[in-house]
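Peer 1:
Protein chains: 2
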Amino acid sequence: MSSSALKIGLLGLGTVGGGTIAVLSRNADVIARRAGRPIEVVAASARDITKPRAFDLSGIALVEDPIELVGRPDVDVVVELIGGTTPAKDLVLAALENGKHVVTANKALIALHGNEIFEAAQRTQTMVGFEAAVAGGIPVIKAAREALSGNRIEWIAGIINGTCNFILSAMSEPGREFEPVLAEAQALGYAEADPSFDIDGIDAAHKLTILAAIAFGIPLQFESVFVEGIRHISRADVEYAARLGYRIKHLAMARQVADGIELRVHPTLIPTSQLLANVDGVMNAIMINGDAAGPTLYYGAGAGAEPTASAVVADLVDVARAFGSDSENRVPPLAFQADRLTDLPIVSMEALETAYYLRLHVLNQAGVLADVTRVLGAGGISIEAILQQESDPGAAIVPIIILVHPVPEHAMNQALVEIAALSQVHEPIVKIRMESLT
Amino acid sequence: MSSSALKIGLLGLGTVGGGTIAVLSRNADVIARRAGRPIEVVAASARDITKPRAFDLSGIALVEDPIELVGRPDVDVVVELIGGTTPAKDLVLAALENGKHVVTANKALIALHGNEIFEAAQRTQTMVGFEAAVAGGIPVIKAAREALSGNRIEWIAGIINGTCNFILSAMSEPGREFEPVLAEAQALGYAEADPSFDIDGIDAAHKLTILAAIAFGIPLQFESVFVEGIRHISRADVEYAARLGYRIKHLAMARQVADGIELRVHPTLIPTSQLLANVDGVMNAIMINGDAAGPTLYYGAGAGAEPTASAVVADLVDVARAFGSDSENRVPPLAFQADRLTDLPIVSMEALETAYYLRLHVLNQAGVLADVTRVLGAGGISIEAILQQESDPGAAIVPIIILVHPVPEHAMNQALVEIAALSQVHEPIVKIRMESLT
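Protein chains in written order, with my numbering: chain A, 9 to 446; chain B, 9 to 446.
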C-alpha cells in the first residue's frame with residue numbers, strides 16, 4: 009500500500025468545511041484503510057481566515073488568498089465549499105489549470121458552469137467530483153452515473169430540497185399552515201432568512217439539472233427547467249389530498265418521452281402507498297426508473313455538515329484510489345485494502361442485546377399475568393407493552409403478547425425457561441427479536 | 009473515444025444469462041456512450057449448449073467446455089452466471105489465472121470462497137465485480153464500498169431475500185397463513201420447489217456475509233452468521249405485531265458493538281413508521297447507518313433476470329472504464345463520454361401529460377357540478393374522483409376537489425379558463441400535478 013498522503017486544499021471554512029475536517033480527522037484510520045493512503049487537509053482558505061472556528065485547524069496552513077491556495081505545490085485536490093458561482097467558478101477553473109483535482113458541493117456552480125468545468129478537467133487530465141452537490145449524503149450521482157450504466161433511464165423523481173419537504177411534512181400535522189411552519193423551519197436552521205432559493209424551487213432545479221444530464225446524456229441546461237415553488241400550497245390542499253390517499257411533495261422530475269425530455273420541479277400529489285410519499289422532514293429521496301433495473305430508490309439526509317462531508321470524502325477516496333501509486337486504479341473488492349482487514353470478533357447471540365416480542369399461551373384465570381411479570385422483573389427485564397386478546401370468557405387457553413425493552417439474550421432466554429416452567433403457561437412460547445433502526 | 013469492444017465470455021445461459029444478453033443488446037448504444045466502448049458477448053458456455061433458448065444467440069460462439077471458454081484469447085471478461093460453488097469456483101479461479109476479469113452474480117461463491125478469489129485477482133492484476141451477488145438491481149455493494157468510504161459504518165439492516173419478504177408481506181393480508189402463501193410463491197416463481205435455501209435464511213446469510221465484510225473491513229465468514237428462517241412465523245404474530253405498530257420482516261443485520269460485530273439473520277419486528285417496514289412483496293431494501301452520512305436506504309428489485317443483469321452490466325462498464333485505452337481510467341463526470349452527449353429537446357409544459365388535483369370554490373347551489381363536469385368532458389378530460397366537502401348548508405361558497413386522469417397540460421389549462429369564466433365559480437382555482445410513479 010502506498011503511504012504518500014493525498015493532500016487537500018480547502019476553500020471555505022463554513023458548516024460543510026468544518027464537517028469535512030471533522031470527518032477526515034475522526035475517521036482517518038478507516039479512510040486510509042479504504043483509500044490505500046491517508047487523506048490530509050494541508051491548507052485552507054476562507055473569507056475571514058483569522059475568524060475563530062469551532063473545529064480544530066491545527067496542522068492546516070491558513071492562506072488568505074484563495075488563488076494562492078489553488079496553486080500550492082503541496083495540494084493534490086482542491087475542495088471547493090464556498091458556494092455560489094463568484095469567485096467559485098474562477099477558483100475551480102484555476103485549480104484545474106494548475107493540475108489539481110477538484111471536489112465540490114456546489115450545485116449552482118455545476119448546474120450553471122459544469123459544461124465549461126468538465127471541458128477544462130478533460131483537457132487537464134484531472135477529476136472533478138460533485139457527489140455532495142446533489143442530495144447531500146445520498147450517493148445518487150454514483151448510482152445514476154455508475155450503478156445504472158446498463159439501463160436506459162426512463163425517469164427520475166426526487167424529493168431533493170429538505171426545506172420544502174420539512175414544510176410540507178409539517179403541514180400534514182393538524183392545524184399547521186404554511187407561514188408559521190416556514191418560521192419554524194427558519195428557527196431550526198432548515199430555512200434561510202430569505203428562503204426563496206429553496207421554497208421557490210431554484211435549489212431543486214439546480215440539482216435536477218445535474219441529475220438529468222447524467223441520466224439522459226444531455227448537456228446541463230438549468231434554463232430549461234420548469235420551476236414552481238410551494239408558497240401557494242395551503243393546508244386545505246394537504247388535507248384534501250390525504251383524504252383521497254395522497255401526499256403533496258415538492259418533486260423534481262425528469263422523464264424521457266417520445267418528443268424529448270421533461271424537466272420540471274413542482275408540488276405533486278403522490279399516492280401514499282409509494283415509499284417516496286413517506287419521506288418526511290428534511291430527508292431526501294430519489295427514485296430512478298431504469299428499463300432493466302426497474303425502480304430503485306435512494307434515501308438519506310440531503311443536507312447538513314456531516315452528511316455532505318460524507319459525500320465530499322467519498323469523492324476524495326475515489327481520487328485517492330484512481331491515482332494511487334500501486335493500486336492499478338482499482339477499488340478493493342471488499343472496500344478495505346487487502347492488507348488492512350481486521351479480524352474483529354463476531355459477538356455471540358447470547359451477548360446480543362435487543363428488544364423482544366413474546367407470545368405466550370396461558371390458562372384463562374386470574375394471577376397468571378402477575379406470575380409472568382414477576383419472572384420478567386426478577387430477570388431485570390422491563391415491559392414495554394402487553395396485549396391481551398379479548399377472548400371468549402369460556403376459553404381455557406388465551407394468548408398474551410408482551411413487548412420487552414432491550415435486554416441481553418441470555419437473560420431473555422433464562423426468563424423464558426422459568427416462564428415455560430409455570431404450570432399455567434403452555435408451549436410453545438414465540439420469541440421474535442425487535443429493532444427500532446434508530 | 010476508444011472503439012475496441014470489451015469482449016465477454018458468458019458462463020451460464022439461464023435466466024440471468026438471458027437477461028444479460030438482452031440488456032447488452034437492447035441498450036448497446038447508451039452502454040457504449042457511457043463505457044467509452046462497446047461491450048459484446050463473443051462466447052458462451054452452458055451445461056447443455058445445444059438446448060434451444062428464448063433469447064438471440066446470433067454472433068455468439070457456443071463453447072461446450074467451460075474451461076475452454078475461460079481461456080479463450082478473444083475474451084476480456086468472464087461473466088459467471090452458473091451459480092453454486094462447483095464448478096463455479098474452479099472456473100473463476102482459472103479465468104483469473106488466465107488474466108481475465110470476472111463479473112459474477114454468485115453470492116454463495118463470494119461468501120464462501122471470496123477471500124481466495126480476491127487474492128487471486130490481486131495477484132493477477134484483474135478485477136472481480138459482484139454487485140449482482142447482493143440485492144440484484146440495487147447498487148448496495150457500490151454504496152457501501154465507494155459512496156460511504158468516509159464513514160465508520162455503525163450498522164446495516166437489510167431485507168435481502170425476496171422470497172421471505174413476499175411471504176411475510178402476503179401474510180399481512182387478511183386470512184393468509186404461511187403454507188398456502190409459500191405455495192403461491194412457488195407457483196409465481198418466487199420460491200423454489202425446495203424453498204429451504206431462501207426461507208431458512210441461508211441466501212440472506214450469504215449476502216450479509218458479503219455486506220459485513222465490506223462495511224467493517226473484516227474477512228468473509230459465512231460460518232459466523234446466526235441464521236433463523238421464517239417457518240415458525242404465524243399469521244397470529246403478524247397480526248399482533250400490526251396491532252402494536254410493527255411489521256415482521258426477515259432482516260439481515262450486521263452491527264458494530266463494543267465487543268465486536270453482530271452478524272445475524274432472523275425475523276424481526278420493525279416499527280411501521282420506518283421505510284424498511286413498508287418494503288413489500290419481492291422488493292429488497294438495505295439501510296446503512298454511517299457516523300457521518302447518518303441513515304441511508306437503498307431500495308429496488310432484489311432478483312429477476314433484468315434487475316440482476318443491470319448489476320452485471322454496471323460491473324462490466326466499470327471494467328471498460330477502468331481499463332479503457334484513452335480514458336485515464338476515469339468515470340465521465342456526466343456519465344456519458346463528453347463527445348457522446350445528445351441534445352434532446354426539452355418538452356414544453358404545455359405538452360406535458362399528467363394527472364391533476366383541482367380545488368374549486370363554487371356557489372353552494374344545484375347544477376354547479378354539472379356545469380364544471382360538462383366543461384371537463386368537452387375538453388376530453390376524464391374524472392377520477394370528486395370530493396365534496398360536507399359544509400354548513402347555509403355557506404355561500406363551498407370547495408369541490410376533483411382529480412382528473414392524465415391529460416395534456418394545454419387541454420387542462422384551456423378547460424380551467426372556461427371553468428373560471430363560469431359565474432358560479434370563484435377564484436382562485438388551485439391546480440396541482442399528480443404522479444403515480446409507476
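Even glycine gets a Cβ: it sits at the ideal position worked out from N, Cα and C.
Who are the neighbours of B:Lys115 on chain A, taking C-beta pairs under 8 angstroms?
Peer 2: Locating residue 115 of chain B in the second sequence gives position 107, counting from the first residue. Residues of chain A passing the Cβ test: none, with the nearest at roughly 14 angstroms.
Peer 1: I need the DSSP call for A:Arg251, collapsed to helix, strand or coil.
Peer 2: Within the first sequence, numbered from 1, the residue matching residue 251 of chain A stands at position 243. Helix, per DSSP.
Peer 1: Considering only the alpha carbon of each residue, which of A:Asp326, A:Val325, A:Gly289 and A:Ala300 lies closest to A:Gly310?
Peer 2: The count along the first sequence starts at 1 and reaches residue 310 of chain A at position 302. Nearest C-alpha to A:Gly310: A:Gly289.
Peer 1: Return the residues of the region 159-170 of chain A that lie within a Cβ-Cβ distance of less than 9 angstroms from chain B, sorted by chain order.
Peer 2: If the cut-off is 9 angstroms between Cβ atoms, the region 159-170 of chain A has Asn159, Arg160, Ile161, Trp163 and Ala165 near chain B.
Peer 1: Looking at the unbroken alpha helix (DSSP H) that takes in A:Leu395, where does it start and where does it end?
Peer 2: The count along the first sequence starts at 1 and reaches residue 395 of chain A at position 387. Note, A:Leu395: premise wrong, no alpha helix (DSSP H); beta strand (DSSP E) at Ile391 to Gln396.
Peer 1: Going along the region 264-276 of chain A in order, which residues come within less than 8 angstroms of chain B, judged by CB to CB distance?
Peer 2: Answer set for the region 264-276 of chain A: Gln264, Val265, Asp267, Gly268, Ile269, Glu270, Leu271, Arg272, His274, Pro275 and Thr276.
Peer 1: Along the alpha helix (DSSP H) that carries B:His214, what are the first and last residues, could you check?
Peer 2: The sequence position of residue 214 of chain B within the second sequence is 206, counting from 1. Start and end: Ile210 to Phe224.
Peer 1: List the whole-angstrom C-beta distance separating B:Ala141 from B:Ile118, where the pair is believed to meet the contact cut-off of C-beta under 8 angstroms.
Peer 2: In the second sequence, residue 141 of chain B corresponds to position 133, counting from 1. In the second sequence, residue 118 of chain B corresponds to position 110, counting from 1. Rounded, the Cβ-Cβ distance is 5 angstroms, consistent with contact.
Peer 1: Short of 6 angstroms in beta carbon distance, which residues of its chain neighbour A:Val383, apart from the five on each side in sequence? Order them along the chain.
Peer 2: Indexing the first sequence from 1 puts residue 383 of chain A at position 375. Contacts found: Ala423, Glu426 and Ile427.
Peer 1: Cα separation between A:Leu445 and B:Val339?
Peer 2: On the first sequence, residue 445 of chain A is found 437 positions in, with the first residue counted as 1. On the second sequence, residue 339 of chain B is found 331 positions in, with the first residue counted as 1. A:Leu445 and B:Val339: Cα-Cα distance of roughly 34 angstroms.
Peer 1: Count the other C-beta atoms from every protein chain shown that fall within 10 angstroms of the C-beta of B:Lys150, then say buried if there are 16 or more, exposed otherwise.
Peer 2: On the second sequence, position 142 is the one that residue 150 of chain B refers to. The residue is buried, with at least 16 neighbouring Cβ atoms inside 10 Å.
Peer 1: Under 8 angstroms between C-beta atoms, does B:Met135 make it to chain A?
Peer 2: Translated into the one-based positions of the second sequence, residue 135 of chain B becomes position 127. Closer than 8 angstroms: yes.
Peer 1: In the DSSP assignment, find the alpha helix (DSSP H) that holds B:Ile118 and state where it starts and stops.
Peer 2: Here residue 118 of chain B refers to the residue found at position 110 when the second sequence is read from its first residue. Run containing B:Ile118: Lys115 to Thr132, per the alpha helix (DSSP H) assignment.
Peer 1: Below 8 angstroms on C-beta distance, what does A:Leu156 contact in chain B?
Peer 2: To locate residue 156 of chain A, count along the first sequence from 1; it is residue 148. Simply Pro147, Ser318 and Ala322.
Peer 1: Can you tell me whether A:Ile405 is buried or exposed? The criterion is at least 16 other CB atoms within 10 Å of its CB, across all chains shown.
Peer 2: Within the first sequence, numbered from 1, the residue matching residue 405 of chain A stands at position 397. Label assigned to A:Ile405: exposed.
Peer 1: In whole angstroms, give me the CA-to-CA distance for B:Ala36 and A:Arg329.
Peer 2: On the second sequence, residue 36 of chain B is found 28 positions in, with the first residue counted as 1. On the first sequence, residue 329 of chain A is found 321 positions in, with the first residue counted as 1. Their Cα atoms are separated by approximately 29 angstroms.
Peer 1: Residues of chain A with CB closer than 7 angstroms to the CB of B:Asp326, please, in chain order.
Peer 2: Taking the first residue of the second sequence as 1, we reach residue 326 of chain B at position 318. Result: Glu154.
Peer 1: Would DSSP call B:Met9 helix, strand or coil?
Peer 2: Here residue 9 of chain B corresponds to residue number 1 of the second sequence, with the count starting at 1. Reliability fails at B:Met9, whose pLDDT of 40 lies under 50, so the model's placement of it is uncertain and the value that follows must be treated cautiously. Three-state DSSP puts B:Met9 in coil, outside helix and strand.
Peer 1: Going by DSSP, what residue range makes up the beta strand (DSSP E) through B:Lys439?
Peer 2: As a working mapping, residue 439 of chain B is identified with position 431 in the second sequence. Element bounds for B:Lys439: Val433 to Met442.
Peer 1: Against A:Asp208, what residues of chain B qualify as contacts under a CB-to-CB distance less than 8 angstroms, listed in chain order?
Peer 2: As a first step, residue 208 of chain A is located in the first sequence; it is residue number 200 there, counting from the start. Residues of chain B passing the Cβ test: none, with the nearest at roughly 16 angstroms.
Peer 1: Give the DSSP bridge partners of B:Ile167, in chain order.
Peer 2: Residue numbering aside, residue 167 of chain B sits at position 159 when the second sequence is read from its first letter. Answer is B:Ala293.
Peer 1: Roughly how many angstroms lie between the CA atoms of A:Asn123 and B:Arg348, to the nearest whole one?
Peer 2: As a position in the first sequence, residue 123 of chain A is number 115, starting the count at 1. As a position in the second sequence, residue 348 of chain B is number 340, starting the count at 1. Roughly 13 angstroms separates the two Cα atoms.
Peer 1: In chain B, which residues lie less than 7 angstroms from A:Thr350 when you measure between Cβ atoms?
Peer 2: Residue numbering aside, residue 350 of chain A sits at position 342 when the first sequence is read from its first letter. What A:Thr350 touches in chain B: Gly225 and Ile226.
Peer 1: Can you check whether the CB of B:Glu392 is closer than 8 angstroms to the CB of B:Val412?
Peer 2: To locate residue 412 of chain B, count along the second sequence from 1; it is residue 404. To locate residue 392 of chain B, count along the second sequence from 1; it is residue 384. Yes, the Cβ-Cβ distance between B:Val412 and B:Glu392 is below 8 angstroms.
Peer 1: Among A:Arg45, A:Leu190, A:Gly20 and A:Ile440, which residue has its Cα nearest to the Cα of A:Thr58?
Peer 2: By one-based count along the first sequence, residue 58 of chain A stands at place 50. For A:Thr58, the nearest C-alpha among the options comes from A:Gly20.
Peer 1: Going by the CB atoms, is the gap between B:Ser33 and A:Ala300 shorter than 8 angstroms?
Peer 2: Within the first sequence, numbered from 1, the residue matching residue 300 of chain A stands at position 292. Within the second sequence, numbered from 1, the residue matching residue 33 of chain B stands at position 25. Their beta carbons are not under 8 angstroms apart, which means A:Ala300 does not touch B:Ser33 by this criterion.
Peer 1: Counting Cβ pairs, one atom from each stretch, are 3 or more of them under 8 angstroms apart for the region 363-381 of chain B and the region 61-80 of chain B?
Peer 2: No, because fewer than three Cβ pairs between the region 363-381 of chain B and the region 61-80 of chain B fall closer than 8 angstroms, the two stretches do not touch.
Peer 1: If you draw a straight line from the C-alpha of A:Arg3 to the C-alpha of B:Phe224, how long is it?
Peer 2: Nothing in the structure corresponds to residue 3 of chain A, since chain A is present only between 9 and 446.
Peer 1: Compute the beta-carbon to beta-carbon distance between B:Glu443 and A:Ala260, rounded to the nearest angstrom, for a pair I have assumed lies under 8 angstroms.
Peer 2: On the second sequence, residue 443 of chain B is found 435 positions in, with the first residue counted as 1. On the first sequence, residue 260 of chain A is found 252 positions in, with the first residue counted as 1. Contact doesn't hold; Cβ gap of about 11 angstroms is too wide.
Peer 1: Just to confirm before moving on: does the CB-CB distance between B:Ile409 and B:Tyr365 stay below 8 angstroms?
Peer 2: Mapped onto the second sequence, residue 409 of chain B falls at position 401. Mapped onto the second sequence, residue 365 of chain B falls at position 357. Yes, the pair counts as a contact, with Cβ atoms nearer than the cut-off.
Peer 1: Identify each residue in the region 28-62 of chain B for which the Cβ-Cβ distance to at least one residue of chain A is less than 8 angstroms, and report them in chain order.
Peer 2: Cβ contacts with chain A: Val31, Leu32, Arg34, Asn35, Val38, Ile39, Arg41, Arg42 and Ala43.
Peer 1: Beta carbon of A:Val287, beta carbon of A:Ala43: below 8 angstroms?
Peer 2: One-based indexing of the first sequence puts residue 287 of chain A at position 279. One-based indexing of the first sequence puts residue 43 of chain A at position 35. No, Cβ-Cβ distance for A:Val287 and A:Ala43 is not below 8 angstroms.
Peer 1: Output the boundary residues of the alpha helix (DSSP H) element that contains A:Gln316.
Peer 2: In the first sequence, the residue the question calls residue 316 of chain A occupies position 308. The sequence given here has Thr at residue 316 of chain A, not Gln. That run of the alpha helix (DSSP H) goes Ala313 to Ala330.
Peer 1: Please classify B:Gly268: does DSSP put it in a helix, a strand, or coil?
Peer 2: Here residue 268 of chain B refers to the residue found at position 260 of the second sequence. B:Gly268 falls in the strand class under three-state DSSP.
Peer 1: Nearest to B:Tyr198 by alpha carbon, out of B:Ala213, B:Ile269, B:Leu176 and B:Leu216?
Peer 2: As a first step, residue 198 of chain B must be located in the second sequence, where it is residue number 190. Ranking the options by Cα distance to B:Tyr198, first place goes to B:Leu176.
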